[in-house]
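Contents: one structure, followed by commentary.
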Amino acid sequence: MFKKSLIALSLLVLPLTASANWSAGAGYANLSDDSLDLGVVYGALSYEVVEEGSKFSLIPELRLGTGISDDKMDGVKLEVERFTALSVRGQYNYDNGFYAYVMPSYANLDLKASFRGTSVSDDEWEFGFGAGVGKKLNEKISVEASFENYDGTDVLSVGFKYAF
Numbered sequence: 764m765f766k767k768s769l770i771a772l773s774l775l776v777l778p779l780t781a782s783a784n785w786s787a788g789a790g791y792a793n794l795s796d797d798s799l800d801l802g803v804v805y806g807a808l809s810y811e812v813v814e815e816g817s818k819f820s821l822i823p824e825l826r827l828g829t830g831i832s833d834d835k836m837d838g839v840k841l842e843v844e845r846f847t848a849l850s851v852r853g854q855y856n857y858d859n860g861f862y863a864y865v866m867p868s869y870a871n872l873d874l875k876a877s878f879r880g881t882s883v884s885d886d887e888w889e890f891g892f893g894a895g896v897g898k899k900l901n902e903k904i905s906v907e908a909s910f911e912n913y914d915g916t917d918v919l920s921v922g923f924k925y926a927f
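Under the numbering used here, the letters of the sequence shown match residues 764 to 927, in that order.
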């Protein structure tokens with residue numbers, strides 16, 4: 764009986780410890796290059812892989828977003844239909860709650876161009892690289908800012924995360 768109770772307790776506690784490093788968040792990203800400036804809101808889901816007692820961590824992250832501001836170039840209206848990014852952060856956590864990270868990313872931007880009632884959509888996957896900083900406000904909530912570059916397109920982001 765004791766053995767069965769111990770197994771049941773282990774199975775009950777295991778999912779709680781396994782999910783302790785998940786976080787979800789949201790933010791705003793400004794995408795710009797020489798001729799356009801677009802705004803995106805996104806949601807993010809990530810998982811922190813950290814060794815006990817280490818200040819370094821690896822964090823795979825998925826971001827999904829949609830455009831909220833468009834731009835015009837030579838009379839053509841450009842808007843973001845969808846933004847998707849997969850990245851892996853290398854993060855260093857300071858004792859005072861601040862952290863800094865670098866991240867290679869693979870992202871997709873689905874753009875729609877409209878001119879005089881006709882529209883065309885195009886999407887493209889690109890590799891990019893970025894860096895950022897963040898601050899843990901408490902054990903669950905943090906805020907962060909980052910800069911990324913994808914083949915000449917700059918992405919400035921601000922956001923928050925909630926750990927659960």
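Here a beta-carbon is modelled for each residue, glycine too, at the ideal position from N, C-alpha and C.
{"Check": "For the segment 788-797 against the segment 915-923, are there 3 or more C-beta pairs whose distance is under 8 Å?", "Outcome": "yes"}
{"Check": "Could you tell me whether the segment 805-825 touches the segment 905-913, using the rule of 3 or more Cβ pairs below 8 Å?", "Outcome": "no"}
{"Check": "For a test of the three-state rule: what should DSSP assign to Arg826, helix, strand or coil?", "Outcome": "strand"}
{"Check": "Checking 8 Å against the spacing of the C-beta atoms, do Gly802 and Ser850 come in under that value?", "Outcome": "no"}
{"Check": "Which value, in whole angstroms, describes the spacing of the CA atoms of Asn971 and Glu842?", "Outcome": "Limits of the chain in this structure are 764 at one end and 927 at the other, which puts residue 971 out of reach."}
{"Check": "By Cβ distance, which residues of its chain are closer than 6 Å to Met866, with the 5 residues on each side in sequence left out?", "Outcome": "Ser850, Arg852 and Gly893"}
{"Check": "State the DSSP-derived secondary structure class of Lys818, mapped to helix, strand or coil.", "Outcome": "coil"}
{"Check": "Alpha carbons only, please: which of Asp914, Lys875 and Phe819 is nearest the one belonging to Ser868?", "Outcome": "Asp914"}
{"Check": "Rank Met836, Lys818 and Gly828 by C-alpha distance to the C-alpha of Asp797 and give the top, closest one.", "Outcome": "Met836"}
{"Check": "I need the DSSP call for Phe927, collapsed to helix, strand or coil.", "Outcome": "coil"}
{"Check": "Would you mind reading off the limits of the beta strand (DSSP E) that contains Asn784?", "Outcome": "Note, Asn784: premise wrong, no beta strand (DSSP E); not H, not E."}
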